[in-house]
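*Asks:* Right, I'll just put the structure down here and ask away after.
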Amino acid sequence: MPHIVFNKKELITTPSSHEGVDFKFIAKSYNFTDYERNTEYKVAVETQEKEFLLTIKNKDQDHMLKIDKVTRVAPVTIVKDALNSYASAVDANIVFSNTNTINVKMEPQKQYLKDINYFVDEFKTDKEIQIEIGFGSGRHLIHQAKENPDVQFIGLEIHTPSIEQALKQLELQNITNVLIVNYDARLFMEFIKSNQVGKVFVHFPVPWDKKPHRRIYSNEFINEALRVLKVGGTLELRTDSRKYFDYCTELLTNLPTGRITIDINKDLPVISKYEDRWRKQGKNIYDVVLTAASEDEQVVIDTDFSFDLEIEDYLEFIKNVSTKPIVEKGFFIHIEDLFTIENKENSGLIELTMGNFDRPVSKYILVENGKLSYYQGNPLPTSSNIKAHKKLKEIISK
Numbered sequence: 001m002p003h004i005v006f007n008k009k010e011l012i013t014t015p016s017s018h019e020g021v022d023f024k025f026i027a028k029s030y031n032f033t034d035y036e037r038n039t040e041y042k043v044a045v046e047t048q049e050k051e052f053l054l055t056i057k058n059k060d061q062d063h064m065l066k067i068d069k070v071t072r073v074a075p076v077t078i079v080k081d082a083l084n085s086y087a088s089a090v091d092a093n094i095v096f097s098n099t100n101t102i103n104v105k106m107e108p109q110k111q112y113l114k115d116i117n118y119f120v121d122e123f124k125t126d127k128e129i130q131i132e133i134g135f136g137s138g139r140h141l142i143h144q145a146k147e148n149p150d151v152q153f154i155g156l157e158i159h160t161p162s163i164e165q166a167l168k169q170l171e172l173q174n175i176t177n178v179l180i181v182n183y184d185a186r187l188f189m190e191f192i193k194s195n196q197v198g199k200v201f202v203h204f205p206v207p208w209d210k211k212p213h214r215r216i217y218s219n220e221f222i223n224e225a226l227r228v229l230k231v232g233g234t235l236e237l238r239t240d241s242r243k244y245f246d247y248c249t250e251l252l253t254n255l256p257t258g259r260i261t262i263d264i265n266k267d268l269p270v271i272s273k274y275e276d277r278w279r280k281q282g283k284n285i286y287d288v289v290l291t292a293a294s295e296d297e298q299v300v301i302d303t304d305f306s307f308d309l310e311i312e313d314y315l316e317f318i319k320n321v322s323t324k325p326i327v328e329k330g331f332f333i334h335i336e337d338l339f340t341i342e343n344k345e346n347s348g349l350i351e352l353t354m355g356n357f358d359r360p361v362s363k364y365i366l367v368e369n370g371k372l373s374y375y376q377g378n379p380l381p382t383s384s385n386i387k388a389h390k391k392l393k394e395i396i397s398k
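Under this note's numbering, the letters of the sequence shown match residues 1 to 398, in that order.
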């Protein structure tokens, strides 16, 4: 991670600009002892149409300047330029730096790889959608896409090398009907319209025998899959784990609707190298297919992350607010840290983690003269984030 270590200097004056970088404000960590060695500062930066925070912390007898991990942006050259600009503005005596931007290559844009925000704000299609969850090497996903050029495929994967491998093959073979996203499938389905998906493939998911709560299959996931599937659409599990097969079959046989088909060692047009190896070892492969039998209503996503309240006394608020995690059904919220903005009354930053247990999101809330807003924009409008936001308003209003 790029950072600069420099001898102690006075903090930059805000608001100010230097070398094309705007320094908006400085927030100071709040604690009851307020020893100098515990003090941490957040410097709000805006440059090249992006806003983020820099962190200043003590390192022995020096200061360390780096990007705040919650608000980091890409490409890294933007961050390095902001760090260098700050050091130049305060005429810092630099002890160490790894922020040289000479000959830094920009990461090529990947037309197939989309951020989750694309599916929230921009994604629209009249085509049938098919989704593969955990596509691995991409063999099955690419085969299906080539065989069904009129279908829009979406591949979900969290393993970076697998994503890179699939992206290379899509580009080499000039396949244009696949989009890939690095995101948790258990939350992704919330952003797909009802009755638009023809197939959902879940091939060889991690069994998580020792941590069953991490399994992709659950009552919530199955219900969400049924919502997005059109009538006759299928949710298809393929696994080599008998325990996982039994677990999923039990969930599926307790549904109020739908049809289930079970196969053992069914042949597919394309298989992974791992499946080929397992079959040579005489290992059974289990298929469980759920077919949707009814239509579901369209779901209107609640995107209201506004704060219809104000903090009358921010200093009094941070003295009394609890920093213990609050866990409720389907969501949690945890205020991690609190900051006061230098030279600005009734203003500060609230650092928090919120939302879903399996895919938590970290955010800052900016308090300016008592008014609140999410720094760097609102969280994704997942149901768990909306619930956490409503709980947060309850906490603030007390």
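We put the CB at the ideal spot given by N, CA and C, even for glycine.
Every value quoted in this text rests on a predicted model; they were computed, and no experiment measured them.
What's the gap between the Cα of residue 195 and the Cα of residue 69?
*Replies:* In the sequence shown, residue 195 corresponds to position 195, counting from 1. In the sequence shown, residue 69 corresponds to position 69, counting from 1. So the two alpha carbons sit approximately 38 Å from each other.
*Asks:* Buried or exposed for residue 385, please, with buried defined as at least 16 other CB atoms from any protein chain shown within 10 angstroms of its CB.
*Replies:* Taking the sequence shown and counting its residues from 1, one reaches residue 385 at position 385. Residue 385 comes out buried.
*Asks:* Bridge partners for residue 334 per DSSP, in chain order?
*Replies:* Here residue 334 corresponds to residue number 334 of the sequence shown, with the count starting at 1. Its beta-bridge partners are 353.
*Asks:* Are the segment 204-219 and the segment 242-253 touching, with three or more C-beta to C-beta distances below 8 Å?
*Replies:* As far as the Cβ criterion goes, the segment 204-219 touches the segment 242-253, which means the pair count is three or higher.
*Asks:* Thinking just about the alpha-carbon of each residue, which of 314, 379 and 337 is nearest to the one in residue 29?
*Replies:* On the sequence shown, position 29 is the one that residue 29 refers to. The residue with the shortest Cα to Cα distance from residue 29 is 337.
*Asks:* Taking the straight line between their C-alpha atoms, what separation do you get for residue 401 and residue 390?
*Replies:* Here the chain comprises residues numbered 1 to 398, so residue 401 is not present and cannot be evaluated.
*Asks:* Considering only residues of the same chain and omitting the five flanking positions on each side of residue 283, which have a CB-CB separation below 6 Å?
*Replies:* As a working note, residue 283 is residue 283 in the sequence shown. Only 240 meet the Cβ criterion.
*Asks:* Would you check if the segment 350-368 and the segment 280-294 touch, i.e. whether three or more CB-CB distances between them fall below 8 Å?
*Replies:* Verdict: no, contact absent.
*Asks:* Kindly indicate which three-state DSSP category residue 162 falls into: helix, strand or coil?
*Replies:* Start at 1 with the first residue of the sequence shown, and residue 162 comes out as number 162. Looking at residue 162 - three-state DSSP - the assignment turns out to be helix.
*Asks:* Just the Cα atoms here: how many angstroms apart are residue 197 and residue 151?
*Replies:* Within the sequence shown, residue 197 is the residue found at index 197, counting from 1. Within the sequence shown, residue 151 is the residue found at index 151, counting from 1. Approximately 10 Å between the Cα atoms of the pair.
*Asks:* Going by the C-beta, is residue 211 closer than 7 Å to any heavy atom of the ligand FMN?
*Replies:* This structure simply doesn't include the ligand FMN, nor any ligand for that matter.
*Asks:* Using the C-alpha atoms, what's the distance from residue 47 back to residue 345?
*Replies:* Translated into the one-based positions of the sequence shown, residue 345 becomes position 345. Translated into the one-based positions of the sequence shown, residue 47 becomes position 47. Whole-angstrom Cα-Cα distance: 25 Å.
*Asks:* How many angstroms separate the CA atom of residue 232 from the CA atom of residue 382?
*Replies:* In the sequence shown, residue 232 corresponds to position 232, counting from 1. In the sequence shown, residue 382 corresponds to position 382, counting from 1. Rounded to the nearest angstrom, the two C-alpha atoms are 27 Å apart.
*Asks:* State whether the segment 114-126 contacts the segment 13-25, with contact taken as three or more CB pairs (one from each stretch) at a distance under 8 Å.
*Replies:* With the cut-off at 8 Å, the segment 114-126 and the segment 13-25 do not touch.
*Asks:* Exposed or buried, residue 268, counting other C-beta atoms within 10 Å across all chains shown (16 or more means buried)?
*Replies:* In the sequence shown, the residue the question calls residue 268 occupies position 268. Answer is exposed; the Cβ neighbour count stays below 16.
*Asks:* If we require 4 or more residues per run, which alpha helix (DSSP H) segments fall completely within the segment 156-216?
*Replies:* The qualifying runs are 160-172 and 185-188.
*Asks:* Ignore the nearest five residues each way along the sequence and tell me which others in residue 185's own chain have a CB closer than 7 Å to its CB.
*Replies:* The residue you call residue 185 lines up with position 185 of the sequence shown. Contacts found: 133, 156 and 216.
*Asks:* Count the other C-beta atoms from every protein chain shown that fall within 10 angstroms of the C-beta of residue 92, then say buried if there are 16 or more, exposed otherwise.
*Replies:* Numbered from its first residue, the sequence shown carries residue 92 at position 92. Buried, by the Cβ-count rule.
*Asks:* For residue 104, name the three-state secondary structure that DSSP assigns.
*Replies:* Taking the sequence shown and counting its residues from 1, one reaches residue 104 at position 104. Only weak support is given to the placement of residue 104: the predicted model assigns it a pLDDT of 45, under 50, and the value that follows is read from those uncertain coordinates. Three-state DSSP puts residue 104 in coil, outside helix and strand.
*Asks:* Please name the residue, chosen from 247, 188, 169 and 97, that lies closest to residue 200 on a Cα-to-Cα basis.
*Replies:* Residue mapping note: residue 200 aligns to position 200 of the sequence shown, counting from 1. Closest by alpha carbon: 188.
*Asks:* Tell me, which residues are paired with residue 399 by DSSP?
*Replies:* This structure gives no information on residue 399, because the portion of the chain shown stretches from 1 to 398.
*Asks:* Would residue 274 be called buried (16 or more neighbouring beta carbons within 10 Å of its own) or exposed?
*Replies:* Here residue 274 is taken as the residue at index 274 of the sequence shown, counted from 1. Under this definition residue 274 is an exposed residue.
*Asks:* When you compare each of 376, 329 and 45 to residue 479 by their alpha carbons, which one comes out closest?
*Replies:* Because residue 479 is not part of the residues shown, which for the chain are 1 to 398, the question remains open.
*Asks:* Compute the distance between the beta-carbons of residue 80 and residue 2, then report whether it is under 8 Å.
*Replies:* Position 80 of the sequence shown holds residue 80. Position 2 of the sequence shown holds residue 2. In this structure, residue 2 lies closer than 8 Å to residue 80 by Cβ.
*Asks:* Measuring straight from C-alpha to C-alpha, what distance separates residue 264 and residue 135?
*Replies:* On the sequence shown, residue 264 is found 264 positions in, with the first residue counted as 1. On the sequence shown, residue 135 is found 135 positions in, with the first residue counted as 1. Distance between the alpha carbons of residue 264 and residue 135 is about 21 Å.
*Asks:* In terms of residues, what are the limits of the alpha helix (DSSP H) holding residue 308?
*Replies:* Counting from one through the sequence shown, the residue named residue 308 turns up at place 308. That residue, residue 308, is in no alpha helix (DSSP H); it is neither H nor E in DSSP.
*Asks:* Using only alpha-carbon positions, find the residue among 115, 287, 350 and 227 that is nearest to residue 300.
*Replies:* On the sequence shown, residue 300 is found 300 positions in, with the first residue counted as 1. Taking only the C-alpha atoms, the option nearest residue 300 is 227.
*Asks:* Would you mind working out which of 17, 45 and 19 sits nearest residue 27, comparing C-alpha positions?
*Replies:* As a working note, residue 27 is residue 27 in the sequence shown. Out of 17, 45 and 19, 45 has the C-alpha closest to the C-alpha of residue 27.
*Asks:* Do you know how far the Cα of residue 317 is from the Cα of residue 287?
*Replies:* Here residue 287 refers to the residue found at position 287 of the sequence shown. Here residue 317 refers to the residue found at position 317 of the sequence shown. Looking at the two C-alpha atoms, the distance is approximately 55 Å.
*Asks:* Going by DSSP, what residue range makes up the beta strand (DSSP E) through residue 58?
*Replies:* Your numbering for residue 58 matches position 58 in the sequence shown. Here the beta strand (DSSP E) through residue 58 covers 50-59.
*Asks:* Could you tell me which residues DSSP puts in a beta bridge with residue 371?
*Replies:* As a position in the sequence shown, residue 371 is number 371, starting the count at 1. DSSP output for residue 371 lists 310 and 368 as bridge partner(s).
*Asks:* On the DSSP bridge list, what partners appear for residue 475?
*Replies:* Absent from the model: residue 475. The displayed extent of the chain is 1 to 398, so no value can be given.
*Asks:* Tell me whether the beta-carbon of residue 224 lies closer than 8 Å to the beta-carbon of residue 171.
*Replies:* The residue labelled residue 224 in the question sits at position 224 within the sequence shown. The residue labelled residue 171 in the question sits at position 171 within the sequence shown. Going by C-beta atoms, residue 224 is not nearer than 8 Å to residue 171.
*Asks:* From which residue to which residue does the alpha helix (DSSP H) around residue 235 run?
*Replies:* Counting from 1 along the sequence shown, the entry for residue 235 is found at position 235. First-last for residue 235: 229-239, but that is the beta strand (DSSP E), not the alpha helix (DSSP H).
*Asks:* Roughly how many whole angstroms lie between the Cα atoms of residue 327 and residue 333?
*Replies:* Counting from 1 along the sequence shown, the entry for residue 327 is found at position 327. Counting from 1 along the sequence shown, the entry for residue 333 is found at position 333. Taking the straight line from one Cα to the other gives about 7 Å.
*Asks:* Indicate whether the contact test is met: 3 or more Cβ pairs, each with one atom in the segment 203-216 and one in the segment 162-179, closer than 8 Å.
*Replies:* In short, these stretches do not touch, since the Cβ pair count stays below three.
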